[in-house]
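Colleague: Starting off with a structure, shown below.
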Amino acid sequence: MLLLLILIAALPVLPVYVWLRSQDISTLWFVLSLVTGAVSLLIAGLLQTFFFYIAANYRQVLEEAVTGIQFFTIFIQIALTEEAGRLLALGLFFRLGRSLRNRSDLDESQLISFGAATGLIAGLGFGIIETASYGAGNVAVALLRAFTATPLHGACGARVGIGAIMFKYMPIRSAGRFLSAVAIHGMYNLMVISPGIPRIFSVLIAVLSLVSSIQVIRKP
1 MLLLLILIAA LPVLPVYVWL RSQDISTLWF VLSLVTGAVS LLIAGLLQTF FFYIAANYRQ
61 VLEEAVTGIQ FFTIFIQIAL TEEAGRLLAL GLFFRLGRSL RNRSDLDESQ LISFGAATGL
121 IAGLGFGIIE TASYGAGNVA VALLRAFTAT PLHGACGARV GIGAIMFKYM PIRSAGRFLS
181 AVAIHGMYNL MVISPGIPRI FSVLIAVLSL VSSIQVIRKP
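All the letters of the sequence shown, read from the start, carry residue numbers 1 to 220 under my numbering.
So this is what it looks like as structure tokens:
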């Protein structure tokens, strides 16, 4: 069952792999980027533990200061921590990856494209593990998330990847990319849990965010 869940969660990975091979992404880099995404899930879990403590001990203060505990949970406790975990993992990966792949010959647009592609792959790696865990009790849930939540993580990962690889050169723009990923992630979660909002809107956010990421990744 676990293997089946992982295979279902990994369904979006194959077409992305085939496409990115044409974008000068090696198989080794692809696999290591997937692993980086899985590592980012562990980092995000540690960060969420800290914010769970804050939410539990300062609930009344949060409800008064942040227009309700739901905002804190969705945008800070979940979206911010997951994207921060991705940022830390990708930042470390790019530093370690210099010995595997020299990118000093790339211009700015190519470097952005490469960072977005790596972040997209890492987002898929994150989504595979998360989708398999959420779908442990229901295969249909895993299948649904494979084509909604996993692409959403890939789209956010692309933005965080740009932020991580370009932080040294454009720190303000890099921070903007990171915050846009947090905002998109938070809006997606908000629409998923809000009973009055049709689920199609959350799907549209995931799809449109992914399409915009693909446009950045395409060879300049």
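Quick reminder that beta carbons are idealized off the backbone N, C-alpha and C, glycines included.
(1) Thinking C-alpha only, which one of 32, 212 and 48 is nearest residue 73?
(2) Cα separation between residue 166 and residue 95?
(3) Once you ignore the five residues that flank residue 10 on each side, which residues in its own chain have a CB closer than 7 Å to its CB?
(4) Judging by CA-CA distance, which residue of 186, 116 and 126 is the nearest neighbour of residue 38?
(5) For residue 186, tell me which candidate among 53, 14, 79 and 34 has the shortest Cα-Cα distance.
(6) Using C-beta distances below 6 Å, list every residue in its chain close to residue 33, excluding the 5 sequence neighbours before and after it, in chain order.
(7) Going by C-alpha to C-alpha distance, which of 208, 149 and 111 sits closest to residue 169?
(8) Is the beta carbon of residue 151 closer than 8 Å to that of residue 207?
(9) Apart from the five residues just before and just after residue 93, which ones in its own chain have a Cβ nearer than 6 Å to its Cβ?
(10) Does the distance from the C-beta atom of residue 131 to that of residue 146 stay below 8 Å?
(11) Mapping the DSSP letters down to three states, classify residue 1 as helix, strand or coil.
(12) Residue range of the alpha helix (DSSP H) that residue 131 falls in?
(13) Could you name the residues of the same chain whose beta carbon sits closer than 6 Å to that of residue 162, not counting the 5 residues immediately before and after it, in chain order?
(14) So what does DSSP say about residue 53, is it helix, strand or coil?
(15) Judging by CA-CA distance, which residue of 218, 140 and 179 is the nearest neighbour of residue 4?
(16) Which runs of the alpha helix (DSSP H) fall wholly inside the stretch 152–211 and span at least 4 residues, in chain order?
(17) Would you tell me roughly how many angstroms separate the C-alpha atoms of residue 184 and residue 1, rounded to the nearest one?
Modeller: Quick answer:
(1) The residue you call residue 73 lines up with position 73 of the sequence shown. Nearest neighbour of residue 73 by Cα position, chosen from 32, 212 and 48, turns out to be 48.
(2) On the sequence shown, residue 166 is found 166 positions in, with the first residue counted as 1. On the sequence shown, residue 95 is found 95 positions in, with the first residue counted as 1. Between residue 166 and residue 95, the C-alpha separation is close to 12 Å.
(3) Position 10 of the sequence shown, counted from the first residue, corresponds to residue 10. For residue 10, where only same-chain residues beyond five positions count, the Cβ hits under 7 Å are 128.
(4) Along the sequence shown, read from residue 1 onward, the residue named residue 38 stands at position 38. Of the listed residues, the one whose Cα sits closest to residue 38 is 126.
(5) Here residue 186 refers to the residue found at position 186 when the sequence shown is read from its first residue. It is 79 whose Cα lies nearest to the Cα of residue 186.
(6) Working through the sequence shown from its first residue, we reach residue 33 at position 33. Excluding sequence neighbours, residue 33 sits near 118, 121 and 122.
(7) The residue labelled residue 169 in the question sits at position 169 within the sequence shown. Closest option to residue 169, Cα to Cα, is 111.
(8) The count along the sequence shown starts at 1 and reaches residue 207 at position 207. The count along the sequence shown starts at 1 and reaches residue 151 at position 151. Yes; because the gap between Cβ atoms is below 8 Å, this pair is in contact.
(9) Residue mapping note: residue 93 aligns to position 93 of the sequence shown, counting from 1. Once the five neighbours on either side are set aside, the close Cβ partners of residue 93 are 36.
(10) Taking the sequence shown and counting its residues from 1, the one referred to as residue 131 is at position 131. Taking the sequence shown and counting its residues from 1, the one referred to as residue 146 is at position 146. Yes; because the gap between Cβ atoms is below 8 Å, this pair is in contact.
(11) For the purposes of this step, residue 1 is taken as residue 1 along the sequence shown, with counting starting at 1. Reduced to three states, the DSSP call for residue 1 is coil.
(12) Within the sequence shown, residue 131 is the residue found at index 131, counting from 1. First-last of the alpha helix (DSSP H) with residue 131: 108–134.
(13) Within the sequence shown, numbered from 1, the residue matching residue 162 stands at position 162. Only 112, 115, 116 and 177 meet the Cβ criterion.
(14) Stepping through the sequence shown from its first residue, residue 53 is reached at position 53. If DSSP states are grouped into helix, strand and coil, residue 53 belongs with the helices.
(15) Numbered from its first residue, the sequence shown carries residue 4 at position 4. Checked all of 218, 140 and 179; the closest Cα to residue 4 is 140.
(16) 171–193
(17) By 1-based counting over the sequence shown, the position of residue 184 is 184. By 1-based counting over the sequence shown, the position of residue 1 is 1. Those two C-alpha atoms are separated by around 32 Å.
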